[in-house]
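Just below is one structure, and these are the notes that go with it.
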Amino acid sequence: MADLRQYAWLIAVISIAFCFSAFGNGGNDVANSYATSVAARTLEMWQAGILAMITEFVGAVALGSGVTSTIKNKIMDLDRFKGKPGTLVLVMTCAEIGSAFWLTVANYAGFPVSTTHTVIGALVGSGIASQANISWGWSSGSVSQIAASWLIAPLISACIAAILFLILKYSVLERQDSFKWAMRLIPFYLAFTGSILALFIVIELPTSPSLEEFGIGKIIGVIFGTFGGVLAISYVFFMPYFHRRLVLNDARIQVWHLPLGPLLWRDNPPLYWPGNNGNPDGAAVTKDHYKNARLPESSPTDSPTLIAGNEESKSATDSSGLELGQGLGPPRMRKAPIGPKERFLGPTKDLPIYAPARLVSWAKYLFLQGVARDVISHDSDHLEKTHAQAKQYDNKVEHLWTYAQVASAMMMSIAHGSNDVANAVGPWVAAYSTYEAGQVDGKSPTPIWILVIAGFLLGLGFWVVGWRIVSALGNKITRMSPTRGYAIELGAAITVLMASRLDLPVSTTHCLTGATMGVSLMNFSLGATNWRQLSWIFFGWVLTLPAAGLVSGLLTVMFLNSPHF
Numbered sequence: 046m047a048d049l050r051q052y053a054w055l056i057a058v059i060s061i062a063f064c065f066s067a068f069g070n071g072g073n074d075v076a077n078s079y080a081t082s083v084a085a086r087t088l089e090m091w092q093a094g095i096l097a098m099i100t101e102f103v104g105a106v107a108l109g110s111g112v113t114s115t116i117k118n119k120i121m122d123l124d125r126f127k128g129k130p131g132t133l134v135l136v137m138t139c140a141e142i143g144s145a146f147w148l149t150v151a152n153y154a155g156f157p158v159s160t161t162h163t164v165i166g167a168l169v170g171s172g173i174a175s176q177a178n179i180s181w182g183w184s185s186g187s188v189s190q191i192a193a194s195w196l197i198a199p200l201i202s203a204c205i206a207a208i209l210f211l212i213l214k215y216s217v218l219e220r221q222d223s224f225k226w227a228m229r230l231i232p233f234y235l236a237f238t239g240s241i242l243a244l245f246i247v248i249e250l251p252t253s254p255s256l257e258e259f260g261i262g263k264i265i266g267v268i269f270g271t272f273g274g275v276l277a278i279s280y281v282f283f284m285p286y287f288h289r290r291l292v293l294n295d296a297r298i299q300v301w302h303l304p305l306g307p308l309l310w311r312d313n314p315p316l317y318w319p320g321n322n323g324n325p326d327g328a329a330v331t332k333d334h335y336k337n338a339r340l341p342e343s344s345p346t347d348s349p350t351l352i353a354g355n356e357e358s359k360s361a362t363d364s365s366g367l368e369l370g371q372g373l374g375p376p377r378m379r380k381a382p383i384g385p386k387e388r389f390l391g392p393t394k395d396l397p398i399y400a401p402a403r404l405v406s407w408a409k410y411l412f413l414q415g416v417a418r419d420v421i422s423h424d425s426d427h428l429e430k431t432h433a434q435a436k437q438y439d440n441k442v443e444h445l446w447t448y449a450q451v452a453s454a455m456m457m458s459i460a461h462g463s464n465d466v467a468n469a470v471g472p473w474v475a476a477y478s479t480y481e482a483g484q485v486d487g488k489s490p491t492p493i494w495i496l497v498i499a500g501f502l503l504g505l506g507f508w509v510v511g512w513r514i515v516s517a518l519g520n521k522i523t524r525m526s527p528t529r530g531y532a533i534e535l536g537a538a539i540t541v542l543m544a545s546r547l548d549l550p551v552s553t554t555h556c557l558t559g560a561t562m563g564v565s566l567m568n569f570s571l572g573a574t575n576w577r578q579l580s581w582i583f584f585g586w587v588l589t590l591p592a593a594g595l596v597s598g599l600l601t602v603m604f605l606n607s608p609h610f
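Here it is in structure tokens:
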């Protein structure tokens, strides 16, 4: 057992890199789970941020792995480091730095990348630099399988999500009186969703057995047990809520009235904290999920406040229906949405730096800037044409699927917190346990306190920088709506389940992107998909392994050839 106290500085360095890696993981992978919900206007960005903080923390701490494999997917052979534990600490430190660096770059550039592949790329780079054996051949968790998953995962996910959306499209959306059919079928869709998500959570937990070990009997029990339970809950609680809110258009009904269940069938139910100031009429009962995301136009002579986006644009029309002044005067410009800097810092920018009001405004800006951004609006003619190719459906029908969409997003986020927390924690645990024990060990116990820190950083990463990935994966690929988002998230979850059964190393990022493409193609128009954005995302995938590996490899070579080592 070697004395590694001389390498204490490496533990400090890898701890800092771990914080950046977990933060970047949250800003990228966590954003994938909630991107469609925000883009479809099912959730506001701040609501998704709060849910992400909760679900990622629960997944990482309550359901996270108690024993973390220090070498993800057996990429690196540890025999190279027998008798050289200090070298392993260095290699893991460089891998963590490489992973943190690429995730930071990817978040800034808007690349939805796989954090699993980022860590593996960093380990490959450090492994090559340290002359450790790397698993290149076609075997479980090898580099070849990972590269193949760039195409396999999106294509499988695209097919499954497309089939799900087609079934939903022709069983509900395209039928005459679609709202009536939606009310008839929504309990069964909710029950089906609950069954898939329950199986997804059970199988994806790090401590869960494989599907073979779990057994077909238990799988059937989970599916049908959950289906029956959710179906009963839907009829007892959701159907009275939907009837009063959407059929009777009672604007007082809010989501917190769901527990009232059968009481909502009454003519005058006992409502606590009613919405719309207790007035059942005069307010919209659903959001406009198809509200045009194109920024409104304003002329150059508009006031600065209007250009800043504080008001909705109002177009004046003459009796012929044409815009007044159309074709005359200077060209019209797009109004930029008001940003967090103008919103929080603008009103106090002329005050002294030490003024309490200015300090408060800076505190608000630093805390809220990530969830106060407009991630839906755009000023792109190309994107406007893309969205125009996607058919719009009844808003009330879309609203019925918002609940299943949010549930699937939360479940995927919990599964991400429990399963992918090892991407940030793995190299740190390998280095820390080696430092503590003074010898190399392939598996190491994960301290609960590091899972607590990782869970917090995952949620914080989404809160601060997740808006970039939400914007990239949301309406920039196709027009999003709750029914489309539902098919996308469920299709991705089913793909991950199938991959677990086949032992394929797929990424939830790749699955969600592929599912988005598949649902977009079900508009039966190639123009409904923004192929430029998909190309940009795929470019980020291809860069992930070499970029993370290059940074970690160069650092490893530099340190191993320094006089100290």
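Residues in the sequence shown are numbered consecutively from 46, following this note's numbering.
No residue lacks a Cβ here, since even glycine has one placed at the ideal position from N, Cα and C.
- Report the residue ranges of all beta strand (DSSP E) runs contained in full by the segment 519-564; include only those spanning at least 3 residues, in chain order. Those beta strand (DSSP E) runs which fall completely within the segment 519-564 and span 3+ residues do not exist here.
- Message: Quick check on this structure: which residue in G94, L571, Y153 has the alpha carbon closest to the alpha carbon of G69?
- Response: The residue you call residue 69 lines up with position 24 of the sequence shown. For the residues G94, L571, Y153, the minimum Cα distance to G69 belongs to Y153.
- Item | Contact the segment 512-527 vs the segment 427-446: 3+ CB pairs below 8 Å | In short, these stretches touch, since the Cβ pair count reaches three.
- With distances taken Cα to Cα, identify the nearest neighbour of P157 among I179, P591, I582, Q437. Taking the first residue of the sequence shown as position 1, residue 157 is located at position 112. Closest in alpha carbon position to P157, among I179, P591, I582, Q437, is I582.
- Is it the case that the Cβ atoms of R125 and A177 are separated by a distance below 8 Å? Counting from 1 along the sequence shown, the entry for residue 125 is found at position 80. Counting from 1 along the sequence shown, the entry for residue 177 is found at position 132. Taking 8 Å as the Cβ cut-off, R125 and A177 qualify as a contacting pair.
- If you run the structure through DSSP and keep just helix, strand and coil, what is I179? For this step, residue 179 is matched to residue 134 along the sequence shown. Note: I179 maps to strand in three-state DSSP.
- Task: Decide if S580 is buried, meaning its Cβ has at least 16 other Cβ atoms within 10 Å, or exposed.
- Result: Along the sequence shown, read from residue 1 onward, the residue named residue 580 stands at position 535. Within a 10 Å sphere around the beta-carbon of S580 sit fewer than 16 other beta-carbons, which makes this residue exposed.
- Coarse secondary structure for M567, derived from DSSP in three states: Position 522 of the sequence shown holds residue 567. It is coil, neither helix nor strand.
- Item | Residue nearest to Q92 in terms of C-alpha spacing, selected from G471, G504, I208, Y280 | Along the sequence shown, one-based indexing puts residue 92 at 47. Comparing alpha-carbon positions, the option among G471, G504, I208, Y280 lying closest to Q92 turns out to be G504.
- Query: Between the C-alpha atoms of I268 and A243, what's the straight-line distance to the nearest angstrom?
  - Reply: Residue numbering aside, residue 268 sits at position 223 when the sequence shown is read from its first letter. Residue numbering aside, residue 243 sits at position 198 when the sequence shown is read from its first letter. Across the structure, I268 and A243 are spaced so that their CA atoms are roughly 8 Å apart.
- Measure the C-alpha to C-alpha separation of K359 and Q414 and round it to an integer number of angstroms. If you number the sequence shown from 1, residue 359 lands on position 314. If you number the sequence shown from 1, residue 414 lands on position 369. For K359, the pLDDT reaches just 36, beneath the cut-off of 50, and the residue's location in the model is therefore unreliable, leaving the point undetermined.
- Item | Inter-residue spacing [alpha-carbon to alpha-carbon] between V474 and I495 | For this step, residue 474 is matched to residue 429 along the sequence shown. For this step, residue 495 is matched to residue 450 along the sequence shown. Near 9 Å, if we compare the C-alpha coordinates of I495 and V474.
- Are the CB atoms of F63 and A482 nearer to each other than 8 Å? Within the sequence shown, the letter at position 18 stands for residue 63. Within the sequence shown, the letter at position 437 stands for residue 482. Going by C-beta atoms, F63 is not nearer than 8 Å to A482.
- Task: Determine, using beta-carbon pairs with one atom in the segment 498-514 and one in the segment 126-141, whether at least three such pairs fall under 8 Å.
- Result: Too few Cβ pairs lie closer than 8 Å, so no.
- Task: Hey, could you find the ends of the beta strand (DSSP E) P490 is sitting in?
- Result: The count along the sequence shown starts at 1 and reaches residue 490 at position 445. In the DSSP assignment, P490 falls within the unbroken beta strand (DSSP E) covering 488-490.
- Rounded to whole angstroms, what's the CA-CA distance from W226 to R220? Just pull it up for me. Within the sequence shown, the letter at position 181 stands for residue 226. Within the sequence shown, the letter at position 175 stands for residue 220. W226 and R220: Cα-Cα distance of roughly 8 Å.
- Query: What residue ranges within the segment 51-122 form continuous alpha helix (DSSP H) runs of no fewer than 4 residues, ordered along the chain?
  - Reply: Counting only runs of 4 or more, we get 53-70, 76-84, 90-102.
- Beta-carbon gap between F146 and V596 smaller than 8 Å: On the sequence shown, position 101 is the one that residue 146 refers to. On the sequence shown, position 551 is the one that residue 596 refers to. Contact flag set, yes.
- Three-state secondary structure assigned by DSSP to H423: To locate residue 423, count along the sequence shown from 1; it is residue 378. Here H423 sits in strand by DSSP.
- For D48, I'd like the list of residues in its chain whose CB is within less than 8 Å of its CB, leaving aside the five on either flank, ordered along the chain. Position 3 of the sequence shown, counting from 1, holds the residue named residue 48. Answer for D48: G483, listed in chain order.
- Item | Cβ neighbour criterion (16 or more within 10 Å) applied to Q51 | Counting from one through the sequence shown, the residue named residue 51 turns up at place 6. It is exposed - the Cβ of Q51 has fewer than 16 other Cβ atoms within 10 Å.
- Task: Quick one: grab the DSSP three-state call for N321.
- Result: Position 276 of the sequence shown, counted from the first residue, corresponds to residue 321. DSSP places N321 in helix when its eight states are reduced to three.
- Message: Just to confirm, is the Cβ distance from N77 to T553 under 8 Å?
- Response: Counted from its first residue, the sequence shown places residue 77 at position 32. Counted from its first residue, the sequence shown places residue 553 at position 508. Contact: yes.
- Would DSSP call K441 helix, strand or coil? Mapped onto the sequence shown, residue 441 falls at position 396. Reduced to three states, the DSSP call for K441 is helix.
- Under 8 Å by Cβ, that's how I've got H302 and L316 pegged, so tell me the actual separation to the nearest angstrom. Taking the sequence shown and counting its residues from 1, the one referred to as residue 302 is at position 257. Taking the sequence shown and counting its residues from 1, the one referred to as residue 316 is at position 271. 6 Å between Cβ atoms; contact.
- Message: Among the candidates D333, S478, E534, E258, whose CA atom is the shortest distance from the CA of M562?
- Response: Numbered from its first residue, the sequence shown carries residue 562 at position 517. That would be E534, whose Cα lies nearest to the Cα of M562.
- Message: Is the separation between the beta-carbon of P232 and that of S279 shorter than 8 Å?
- Response: Residue numbering aside, residue 232 sits at position 187 when the sequence shown is read from its first letter. Residue numbering aside, residue 279 sits at position 234 when the sequence shown is read from its first letter. Yes; because the gap between Cβ atoms is below 8 Å, this pair is in contact.
- Taking all protein chains shown into account, do 16 or more other C-beta atoms lie within 10 angstroms of the C-beta of R513, making it buried, or fewer, making it exposed? The sequence position of residue 513 within the sequence shown is 468, counting from 1. Residue burial is scored here from C-beta neighbours: R513 has at least 16 other C-beta atoms within 10 angstroms and is therefore classed as buried.
- Message: Considering only the alpha carbon of each residue, which of G131, D74, M603, V83 lies closest to D486?
- Response: Within the sequence shown, the letter at position 441 stands for residue 486. With distances taken between Cα atoms, D486 lies closest to G131.
- Message: Alpha carbons only, please: which of S463, V281, S82, G260 is nearest the one belonging to P307?
- Response: As a first step, residue 307 must be located in the sequence shown, where it is residue number 262. Closest option to P307, Cα to Cα, is V281.
- Task: Excluding the 5 residues preceding and the 5 following R290 in the sequence, name in chain order all residues of the same chain whose CB lies nearer than 7 Å to its CB.
- Result: Walking along the sequence shown from the start, residue 290 turns up at place 245. Closer than 7 Å at Cβ, skipping near neighbours: I298, V330.
- Item | Inter-residue Cα distance where the pair is V574 and G391 | Counting from one through the sequence shown, the residue named residue 574 turns up at place 529. Counting from one through the sequence shown, the residue named residue 391 turns up at place 346. The sequence given here places Thr at residue 574; Val does not occur at that position. Pairing T574 with G391, the inter-Cα distance amounts to about 38 Å.
- Query: Does DSSP put Q299 in a helix, in a strand, or in coil?
  - Reply: Numbered from 1 along the sequence shown, position 254 holds the residue referred to as residue 299. Coil, per DSSP.
- Query: Can you give the Cα-Cα distance for Y438 and W195, rounded to whole angstroms?
  - Reply: Position 393 of the sequence shown holds residue 438. Position 150 of the sequence shown holds residue 195. The alpha-carbon of Y438 is positioned some 33 Å away from that of W195.
- Item | Limits of the unbroken alpha helix (DSSP H) element including F282 | Position 237 of the sequence shown, counted from the first residue, corresponds to residue 282. Note, F282: premise wrong, no alpha helix (DSSP H); not H, not E.
- Message: Let me make sure I understand the geometry here. Which of H288, W310, F237 has the alpha-carbon closest to that of G274?
- Response: As a working note, residue 274 is residue 229 in the sequence shown. Nearest C-alpha to G274: F237.
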